Each structure stands twice: as C-alpha cells, then as structure tokens.
Amino acid sequence: MAPGGAPLPGGYNGATMPLGPAKAATGMKEHVAMTVDAASERANQAQSRPSLDELRRTSAEARKLIVQAIHHAGAGHLGGPMSAADLLVALYFDRMRIDPARPDWPGRDRFILSKGHSSIALYTVLAMRGYFPTEELMTFDAAHSRLQGHPDMHALPGLEMSTGSLGQGLSPGAGMALGAKVRGDAFHTWVMLGDGEIQEGQIWEAAFMAARYGLDNLTAILDYNGLPQFGWPQRGGFTREIPIDDPGGKFRAFGWNVLECDGHDHASIREALDAAQAFTGQPTCVVAHTVKGKGVSYMEGDFNWHAKVPSDEQLASALSELDDQIAAIGEEAAA
Ligand SMILES: Cc1ncc(C[n+]2csc(CCOP(=O)(O)OP(=O)(O)O)c2C)c(N)n1
Ligand SMILES: [Mg+2]
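Per the numbering used here, the sequence shown starts with residue 7, numbered consecutively.
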C-alpha cells in the first residue's frame, strides 16, 4: 500500500522509500532538522529498491492511465508524456527521496517538469506513488481541477514549480540547488527538459550559471525523443530529421558532466540516475534516448501524436497493446 493510500498498480509496495546517498555541501552549515531527517532516511536505505520488472510494470500501467486520461479529457498532450513515462517512474519509484504523505517535507528531493506540457505523465506518477487518488486523473484539464493542462504548483501539493512556457524550468531548479548548497541542505534537484525545449535561450543561461557554481546537486534529464511539436522547421518546410545533434556535447561545453542512457530501459535509467546523483563538482545532464509516443505502436515516432486525442477504437487498441506488454513482463519474470 502507498503510505495512507490505495494499493499501487504494478504490485509495487509504495511504503518502501527508495533512497540514495545524501550529498551535503562540504563545509556548509547543517540544519539540525535536516540531520534528523537524513538519519532516518539513511536507516531506510537498507530497504530494497523495486525490481526492474516492477518498474517496467509500473511504467506500462502509467501509460494506460495517461492514454485513458487524455481520451477522457478530450484534450491534452500525449507523445511527450508517453516518452517521459519510464523516466518519471524511475525518479518517483526508484531514485528520489520523497514522502508522498509529506509533500512539503523540507528534506525531499525536488523535481521540476520543465516540459510542462507533459503534465499528465507527472500527475499519473504522483497519483500512483500515493500523492492523491488515481481516480482524480480523470479530472485532467477540467475547469477547477487541480490537474491543469500545465502544472500549477499552487493547485496540487507535490508540484515544485508551475511550468508550461518552455525554457523556464532549469532556472528555478538551479536556484533550488544553489539554495541547498548555501543552506547545507542535502536534497537533490532534478529537472526534465525536452529536446525541442532546449532551443530556448533561458536554458543556456541556467546551464552556464549551474556549472559556474558547481551545482553537483542538480541533474537535468533531457527527454531526447528527436521530435518537438510539428517536426523541425527548416528552410523549405518541416523535416522529421533531428537538427539538435549531440545535445550532450552542448551541455559539456557549458561545463556539465554528461551521461547517456536508454530512456525506456529501467536498468540503463537506474545506472544513469545513480551516477548523476553521485557525481561531484559539476551538474550532470542525463541525455535519455527516447521515442515520442513510446508504448503504443501507432503513436511511436509520429509527431502527429504530440497533442492528439485517441478515438474510442484507438484507445481500445492502445490499452490492449499495453496489457500485452504487462503480460509479457510477467512471463519474462516466470521464465
Ligand atoms: C515558450 C513556448 N513556446 C511554445 C510552446 C508550445 N509548445 C508546447 S510543446 C512544444 C514542443 C516541445 O517539444 P519538446 O521539448 O521536444 O517536447 P516533447 O517532444 O517531449 O513533447 C511547443 C513548441 C510553449 N509551450 N512554450
Ligand atoms: Mg521532443
């Protein structure tokens, strides 16, 4: 059971807090309260992390909920959320130090979805992790819902930043990480970026500043799916080719540590996120190679599914494909 919540899909016991080594800023003043929290967190570290199969199953369950919510709302983005689902599951179920029962716990790791149009994926993972009932996902994008099309930090506990205007999430993430350094807080800050999004200049202002201050308590995860909204505008029209070549090289040039991973392989994601958190001296950018629309064959790699609503037939076929994937995970585990 999730702490104080309903059983979580995928058989994962949400009561087990996945933890990693706290990385306090050396020579900084430590808060007493933080020390107590960090000690109780370390005590939990002995508990096992979810298995890779559990993470795979949770990701497929998350994708089912995402497709259902967009179908129910009759609006919203789909390709980006499906692309980000495994990374978000890895963060919230495997990597981040969080307590869904205490979304304002000062020692919590911070996460900012800078590509805020993928909000339904974040809401889904938050609900599955126990922040609020999964039934509420069906209020997505409705008037007065806490789950607006783009994240509103004042509406829903658990959101660290309001986002949606692309390019703005890395700056507050760097601010949080710098604040943690100054105060001696041990939490880690994670920011998810889109590859179309990193065309925004503000990203590079934040990248420059984060490296200058040696913010090794900050990790940017780039959802490198090779597609923005309509393909890439180039002279002569739109193209489906990838003009943002080697984004890791660009972050490296700005003074960042850069890691690459397969953003749909939980073993690869775990290795990259663990290494990012452990790295010292510089911020890390994890370039996660992903597929837009991942998990549903007719959506994969098709920019038309950036923000398209599935028909009843398309919903049924998507759910059936995802159920097949879940069944296959079970078979692999039994083999
Ligand atoms: C400043 C700004 N300009 C334009 C948009 C409209 N918009 C929403 S999503 C998107 C494409 C984003 O592409 P990418 O970052 O690659 O996201 P993903 O592929 O993960 O969906 C655009 C242009 C926006 N939200 N903010
Ligand atoms: Mg993209």
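All C-beta atoms in this analysis are idealised placements derived from N, C-alpha and C, irrespective of residue type, glycine included. All values reported here derive from a predicted model rather than from experimental measurement.
Since residue i is in the beta strand (DSSP E), which residue starts that stretch and which ends it?
{"i": "D115", "result": "That residue, D115, is in no beta strand (DSSP E); it is neither H nor E in DSSP."}
{"i": "H295", "result": "T290 to H295"}
Ends of the alpha helix (DSSP H) at residue i?
{"i": "H77", "result": "L58 to A79"}
{"i": "Y145", "result": "Checking the sequence shown, residue 145 turns out to be Thr, not Tyr. Neither: T145 is in no alpha helix (DSSP H) and is coded neither H nor E."}
{"i": "L265", "result": "Premise fails: L265 lies in the beta strand (DSSP E), N263 to D268, not in any alpha helix (DSSP H)."}
{"i": "P253", "result": "P253 to A259"}
{"i": "D131", "result": "In the sequence on display, residue 131 carries Val and not Asp. Unbroken alpha helix (DSSP H) run through V131: S125 to R135."}
{"i": "L279", "result": "H272 to A284"}
Output yes or no for whether 8 angstroms exceeds the beta carbon distance between residue i and residue j.
{"i": "Q342", "j": "G202", "result": "In the structure as shown, the chain starts at 7 and stops at 341, and residue 342 therefore has no counterpart that could be examined."}
{"i": "L176", "j": "A217", "result": "no"}
{"i": "P56", "j": "P109", "result": "no"}
{"i": "F193", "j": "D252", "result": "no"}
{"i": "K314", "j": "S89", "result": "no"}
{"i": "M198", "j": "L119", "result": "yes"}
{"i": "S124", "j": "G155", "result": "no"}
{"i": "P157", "j": "G181", "result": "no"}
{"i": "G301", "j": "R69", "result": "yes"}
{"i": "G242", "j": "I209", "result": "no"}
{"i": "I335", "j": "D59", "result": "yes"}
{"i": "V73", "j": "L233", "result": "no"}
{"i": "M305", "j": "L84", "result": "yes"}
{"i": "G86", "j": "G200", "result": "yes"}
{"i": "L265", "j": "A281", "result": "yes"}
{"i": "L127", "j": "A91", "result": "According to the sequence shown, residue 127 is Ala rather than Leu. Yes; because the gap between Cβ atoms is below 8 angstroms, this pair is in contact."}
{"i": "I204", "j": "I250", "result": "yes"}
{"i": "M159", "j": "S151", "result": "no"}
{"i": "E337", "j": "S303", "result": "no"}
Is residue i near ligand 4, with its Cβ less than 7 angstroms from a heavy atom?
{"i": "H270", "result": "Judged by which ligands are present, ligand 4 is missing from the structure shown, whose ligands are ligand 1 and ligand 2."}
| field | Cβ contact (3+ pairs, closer than 8 angstroms) linking the stretch 92-102 and the stretch 302-311 | value | no
| query | Can you list, in chain order, the stretches of the alpha helix (DSSP H) that have 4 or more residues and sit fully within the stretch 178-245? | reply | Along the length of the stretch 178-245, whole alpha helix (DSSP H) runs at least 4 residues long occupy 207-218, reported in chain order.
| request: Could you say if the stretch 61-71 and the stretch 126-136 meet the contact criterion of at least three C-beta pairs nearer than 8 angstroms? | output: yes
| query | Which residue spans inside the stretch 79-113 form an unbroken beta strand (DSSP E) run of at least 3? | reply | As far as the stretch 79-113 is concerned, it has no whole beta strand (DSSP E) run of at least 3 residues.
| said: Across the stretch 291-306 and the stretch 103-111, are there enough close Cβ pairs to call them in contact, namely three or more that are closer than 8 angstroms? | reply: no
| request: Decide yes or no for the touch test of the stretch 176-190 against the stretch 218-231: beta carbon pairs closer than 8 angstroms, at least 3 of them. | output: yes
| Is the stretch 140-154 in contact with the stretch 74-86, if contact means three or more CB pairs nearer than 8 angstroms? | yes
| At what residue ranges does the stretch 290-339 contain a whole run of the beta strand (DSSP E), taking only runs of 3 or more? | 290-295
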